[in-house]
Amino acid sequence: MIVVIDYSVGNVKSVRNALDFLGIDDKLSADPDDIRASDGVILPGVAAFGYAMAELGDLAEVVREVAGAGKPLLGICVGHQLLFEHSCELGEHDGLGLIQGTIEPIPQDMGLTIPHMGWNAVMPDVGMNLFAGLEKEEYFYFAHSFCAKVTDPEAKVAKMEYGRLLVASVQKGNVFGVQFHPEKSAPMGLDVLRNFDAICREGGIC
Amino acid sequence: MLTKRIIPCLDVKDNRVVKGVNFLNLRDAGDPVELGKRYSDEGADELVFLDITATIRSKKTIVDLVERVAENVFIPFTVGGGISTANEIDILLRAGADKCSINTAAVQNPDVLAESAERFGSQCVVLAIDARRKKGESGKWIVTVKAGSEPTNIDAVEWAVNAERLGAGEILLTSMDADGTKAGYDIELTRVVAEAVNIPVIASGGAGTLESLAEVLEQGKADAVLAASIFHYSEYSIRQVKEYLAGQGILIRPVR
């Protein structure tokens, strides 16, 4: 079973609709016991970083604990951003620190519209499990003004082009992050969620 | 790079999708749950749901309907109509909306944009502007509120700029003069607003021919086009629109 963390922020309903549509066994919960007993955890998010981290509260420690123990964890949008060490969105905030890197504003010097909102082609690195079976370049839906700068040498990164190359997805062992919204990215997004479910059912990445 | 978005719009009244001309003479266009699923399956890039009777309807009914539409929609889903507080946005997000558009309430109380952006992020906050050309003055548009029934003395372009500063993440810009006429978008309005702000602008009102869609994306500099009648009455499919625009050299997400 996959637990979608209920931390009163975010489009948890959209994520669950997609999982239900795929027939994936899922549960919305903020109970540490559910999280510990799950096969995998999704940290969704539609929120500002600081607000999301504050709402996560004590669950942050539980998420760190299960991720450290090897349970597959998927952060979506701001959930993906929370995986990193620090963000400067509306103040200075620490994240979960599971992956080395920071969250920074998308550079505004290119004359592009911000937020980066819409469908953009994603180019995954080789061996990124979430993208198994997908084309080399598939379109996914993004809606964000901040972006990860990954410094972790152990992390694999999928890029997208928006004026310059930006981070679209990250994977470090059993910890996965997608800046885009797989639950809102039509069949390609559903494939990503299906791949995450397969990873969870296999007991994680060996 | 980002693709231009094709966005069908469901104007909802009494649990049915309706469409009028210049916001009047509404006629039935189908069931919102069925239409939403159809557009999501057919390759639309986003779906907008506007409760056009929000001011007098029970909010609970709308939340239930949003929930049912969202169950079958795996593309971004924006909900608007009568939203006046951040708490209402929270309720709609929980029902399955991904973004919320605010119109009248933001004019009456601009702080609601800032409060919502702080709580949910700017990407979640869409400012809807119903603009009408100012009589006797070319290149000027005023903001109207309450589903276009009440003119204000606010300049539409200035309002868009202010809204961006307050935290709106996107502008849904409807030309009331063009809405439902199928005579083409108000290219000038769209271009002036798109050039004045740094956030995405969705052009709305007037979609008719395929050429009109290309025109507002290229000359109007819109990031997305919203259309209702042409899709509801099956004049064009999403695929037809996308193939045409791609053929014009516009970057479009192909229909799988």
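Each protein sequence line maps, in turn, to chains A and B. Numbering-wise (this note's numbering), the first sequence opens with residue 664 and increments by one. Numbering-wise (this note's numbering), the second sequence opens with residue 6 and increments by one. Every residue, glycine too, gets a C-beta built ideally from N, C-alpha and C. Note that the coordinates shown come from a computational prediction; the quantities given were computed from them, not determined experimentally.
{"Asked": "Could you name the residues of the same chain whose beta carbon sits closer than 7 Å to that of A/Gly870, not counting the 5 residues immediately before and after it, in chain order?", "Found": "Residue 870 of chain A lies beyond the range of chain A shown here (664 to 869); nothing can be said about it."}
{"Asked": "When you check each C-beta in the region 126 to 143 of chain B against every C-beta of chain A, which residues fall closer than 7 Å?", "Found": "Gly126, Ser127, Gln128 and Cys129"}
{"Asked": "B/Ala100 touches chain A at which residues, Cβ-Cβ below 8 Å?", "Found": "Lys676"}
{"Asked": "Could you name the residues of the same chain whose beta carbon sits closer than 8 Å to that of A/Cys869, not counting the 5 residues immediately before and after it, in chain order?", "Found": "For A/Cys869, the predicted structure reports a pLDDT of 49, less than 50, and the residue's modelled location is therefore unreliable. A value from the coordinates is still provided. Nothing meets the Cβ criterion."}
{"Asked": "For B/Thr109, does the three-state DSSP call read helix, strand or coil?", "Found": "helix"}
{"Asked": "Leaving out five residues on either side along the sequence, give the residues of the same chain with a beta carbon under 6 Å from the beta carbon of A/Tyr802.", "Found": "Trp782 and Ala784"}
{"Asked": "For a contact defined as C-beta to C-beta under 7 Å, what are the partners of A/Pro606 on chain B?", "Found": "Shown here, chain A extends from 664 to 869; a query on residue 606 of chain A therefore has no answer."}
{"Asked": "Exposed or buried, B/Val17, counting other C-beta atoms within 10 Å across all chains shown (16 or more means buried)?", "Found": "buried"}
{"Asked": "Cβ closer than 7 Å: which chain B residues qualify as neighbours of A/Asn680?", "Found": "Ala75, Glu76 and Gly101"}
{"Asked": "Are the C-beta of A/Tyr670 and some C-beta of chain B separated by less than 9 Å?", "Found": "no"}
{"Asked": "Can you give me the C-alpha to C-alpha distance between B/Ala111 and B/Leu132, rounded to a whole angstrom?", "Found": "8 Å"}
{"Asked": "Kindly indicate if chain A contains any beta-carbon less than 9 Å away from that of B/Leu177.", "Found": "no"}
{"Asked": "Anything in chain B within Cβ reach of A/Asn783, meaning under 8 Å, just list it in chain order.", "Found": "Met6, Leu7 and Thr8"}
{"Asked": "Would you say A/Asp860 faces chain B, with C-beta separation under 9 Å as the test?", "Found": "no"}
{"Asked": "Could you name the residues of chain B that A/Met773 contacts, counting a contact when the two beta carbons are closer than 7 Å?", "Found": "The premise fails here: A/Met773 is roughly 11 Å from chain B at the closest Cβ pair, so nothing lies under 7 Å."}
{"Asked": "My output table needs one value for A/Tyr670: the three-state DSSP class, helix, strand or coil.", "Found": "coil"}
{"Asked": "Beta-carbon within less than 6 Å of B/Ala122's beta-carbon, same chain only, minus the 5 sequence neighbours each way: which residues are those?", "Found": "Val130 and Gly172"}
{"Asked": "Could you say which of A/Leu685, A/Arg699 and A/Ile766 lies nearest to A/Glu728 if we only look at CA atoms?", "Found": "A/Arg699"}
{"Asked": "I believe B/Ile147 touches B/Ala165 by the beta-carbon criterion, under 8 Å. Please report the beta-carbon distance rounded to the nearest angstrom.", "Found": "Actually they do not touch by this definition, with Cβ atoms about 12 Å apart."}
{"Asked": "Quick one: using the 10 Å Cβ neighbour count with 16 as the cut-off for buried, is A/Leu828 buried or exposed?", "Found": "exposed"}
{"Asked": "Between the Cα of A/Gly733 and those of A/Val855, A/Pro850, A/Ser848 and A/Asn837, spot the shortest distance and give me the residue it belongs to.", "Found": "A/Asn837"}
{"Asked": "DSSP puts A/Gly703 in a beta bridge; with which residues?", "Found": "A/Ile665"}
{"Asked": "Return the chain-ordered list of same chain residues with a C-beta closer than 6 Å to the C-beta of A/Phe839, the five sequence neighbours on each side being excluded.", "Found": "Leu737 and Leu793"}
{"Asked": "With DSSP as the reference, label B/Val78 as helix, strand or coil.", "Found": "coil"}
{"Asked": "When the Cα atoms are used, what is the spatial distance from A/Glu798 to B/Val26?", "Found": "43 Å"}
{"Asked": "Using the Cβ count rule (16 or more neighbours within 10 Å means buried), how would you classify B/Asp50?", "Found": "buried"}
{"Asked": "To test your reading of the DSSP string, which unbroken beta strand (DSSP E) runs of 3 or more residues are found completely within the region 753 to 805 of chain A?", "Found": "764 to 768 and 779 to 786"}
{"Asked": "Do you know how far the Cα of A/Leu746 is from the Cα of A/Pro850?", "Found": "26 Å"}
{"Asked": "Starting from B/Tyr44, trace the alpha helix (DSSP H) both ways and give me its first and last residue.", "Found": "Pro37 to Glu47"}
{"Asked": "For A/Lys847 and B/Pro81, I'd like the C-alpha separation in whole angstroms.", "Found": "5 Å"}
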